[in-house]
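Participant: Mind looking over this structure? Questions follow.
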Amino acid sequence: MEVYFFKPDEYERLYNCSSYNIDQIPLEKRRHEWLGIFFFSLSIIYEILYIPCMFSIWKRMKNSHCYKIMFCIGVVDMLTLLCNGLLTGYLGYFGYVFCSSPRLIYIAGAYGLGCWCAESVMEVVLAINRCAELWSDILAEKWFSGKKLVIWMVIPIIYGLAMAFYTKPVTFSSMYFSCLINASAAGIYVYMQYFYVNEMLILLAQLNWVNAHGIPPVIYLTMNTSIQRDCIGMFKKICGKSVTVHPITTGSHPPFLSAINTLKGPNNTLQQPI
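Counting in my numbering, the final residue of the sequence shown is number 277, and the numbers go up one at a time with none missing.
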C-alpha cells in the first residue's frame, strides 16, 4: 500500500497493465463458475455460523481474558472471509485477473494480507494466555489483567497494518483461482515460491486459507458446550413459539370452528362482521 499511495512511479513500473491484454487468455479459460459459487457459499456459511458464536463470546467475555481474545480473533476472521472467500469467489466466477481491476485487487490483496498476519499473531497471544492459565492463575492475571490485554491486542493490529502497508500485497488470478502471496502465509504458499505446483495444490492452499478463518465457529458449535448452550438458546428464542393446544372432546368444537359459528346467522349463512 505504501507504493500505491506514496510511490506512484514505482507502482506504475511494477503493476502497469498498459502492455497487457487480458483477452489474450479467453474468458472461458479464466472463469471458474462452480469454484466461485463454492467459495462464495462456503464463506457465507462460515459468516452465518460465526454470528451466534460472536454473541455468545461477547456475553461471556466480561470476566474472561480468553473470550476477549477470541472475540478479537472472530472479528478479524469475519473481516478476512470477506476477502479470501466472498471476493475470491466473485472474482473467480467472473474470470478476473489482476489487470481486469488492478486497484480493487491490489487494495483487497493488501487488506487480506494484513488481516491474515494480525489474526496469526492474535492466535499466538491466545496460546500464551491459555498456557499461562494452565500454569498459574496468578501469572495469567499478572500478564493479561486490565489494560495489559489491550496492549497484547494492539501488537497484532499494528503488525497487521504494517504488513498491509509495507509489504507487496497478495494478487488474485482466476487462472489458478487463488491469491498469490509472498512467502509469509503458510506451508503450501512457501513451497509455491520455490517449486512448481499444479492447480489442485494451489486450490488446496486457497481452501485452507478460507478454512483457517472459517472453521472456528464449527469448532465452537461442536466442542464448546457454553457456546453451544447460548446458541441453542438464541435459536429457540428466534424460532420457538408457544403453541396452545386445545383438547377436543365429544360435543366440543375447535376454537376456529367456534369462531366461524359465531358469524353464522339463523339460516346457517355467514354474516359480515360489523
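We treat Cβ as the ideally placed atom computed from N, Cα and C, and that holds for glycine.
Measuring CB to CB, does A113 end up less than 7 Å from V79?
Facilitator: no
Participant: Here's the rule: buried if 16 or more other CB atoms are within 10 angstroms of the residue's CB, otherwise exposed. What is C234?
Facilitator: buried
Participant: Which residues in the same chain as N271 place their Cβ atom closer than 8 Å to its Cβ, once the five residues preceding and following it in sequence are excluded?
Facilitator: Because N271 sits at a pLDDT of 49, beneath the cut-off of 50, its placement in the model cannot be relied upon, and the following sentence gives the value as read from the coordinates. Close CB contacts of N271 within its chain, under the 8 Å cut and outside five residues either way in sequence, are absent.
Participant: Identify the continuous alpha helix (DSSP H) that holds F101 and give its terminal residues.
Facilitator: Per DSSP, F101 lies in no alpha helix (DSSP H) segment and is marked neither H nor E.
Participant: Give me the Cα-Cα distance between I141 and H68, rounded to the nearest whole angstrom.
Facilitator: 13 Å
Participant: Between which residues of its own chain and W138 is the CB-CB distance below 6 Å, once the five residues before and five after are set aside?
Facilitator: none
Participant: Nearest chain D C-beta to F238 closer than 7 Å, yes or no?
Facilitator: No chain D appears in this structure, which consists of one protein chain only.
Participant: Start and end of the alpha helix (DSSP H) containing N214?
Facilitator: Here the alpha helix (DSSP H) through N214 covers E202 to M226.
Participant: Can you give me the C-alpha to C-alpha distance between C20 and P219, rounded to a whole angstrom?
Facilitator: 39 Å
Participant: Since I110 contacts T174 with CB under 8 Å, what's their CB separation in whole angstroms?
Facilitator: The C-beta distance from I110 to T174 rounds to 11 Å, too long to fall under 8 Å, and the pair is not in contact.
Participant: Secondary structure at T170, three-state DSSP: helix, strand or coil?
Facilitator: coil
Participant: Kindly indicate the opening and closing residues of the alpha helix (DSSP H) around S59.
Facilitator: Unbroken alpha helix (DSSP H) run through S59: E36 to R63.
Participant: For F147, which residues from the same chain have a beta carbon less than 8 Å from its beta carbon, with the 5 sequence-adjacent residues on both sides left out?
Facilitator: Scanning its chain for C-beta atoms nearer than 8 Å, with the 5 sequence neighbours on each side dropped, one finds around F147 the residues H68, N132, A135 and W155, in chain order.
Participant: I need the straight-line Cα distance from E15 to R106, nearest angstrom please.
Facilitator: 12 Å
Participant: Roughly how far, in whole angstroms, is the beta-carbon of G92 from the beta-carbon of L164, given that I think they are within contact range, below 8 Å?
Facilitator: Not a contact, Cβ separation roughly 26 Å.
Participant: Run the CB neighbour count on M226, radius 10 Å, all protein chains shown included, and call it buried at 16 or more, exposed below.
Facilitator: exposed
Participant: C20 by DSSP, collapsed to three states: which one?
Facilitator: coil
Participant: Roughly how many angstroms separate the alpha carbons of R232 and K171, rounded to a whole number?
Facilitator: 43 Å
Participant: Skipping 5 residues on each side, what residues in its chain have a beta carbon closer than 7 Å to that of S245?
Facilitator: Confidence at S245 is low in this model, with a pLDDT of 44, below 50, so its placement is unreliable and no value can be given for it.
Participant: Considering only the beta carbon of each residue, do L84 and G243 sit closer than 7 Å?
Facilitator: no
Participant: With a threshold of 16 other CB atoms inside 10 Å of the CB of S44, please say whether the residue is buried or exposed.
Facilitator: With fewer than 16 other Cβ atoms from the protein chains shown falling within 10 Å of its own Cβ, S44 counts as exposed.
Participant: Taking a contact to mean a Cβ-Cβ separation below 7 Å, would you say V213 touches N24 in this structure?
Facilitator: no
Participant: Count the other CB atoms, across all protein chains shown, that sit within 10 Å of the CB of Y199; report buried if there are 16 or more and exposed otherwise.
Facilitator: exposed
Participant: Compute the Euclidean distance between the alpha carbons of R34 and I241, then round it to the nearest angstrom.
Facilitator: 40 Å
Participant: Hey, out of K239, L52, F9 and C102, whose CA is closest to D26's CA?
Facilitator: Restricting attention to K239, L52, F9 and C102, the CA atom closest to the CA of D26 is found in C102.
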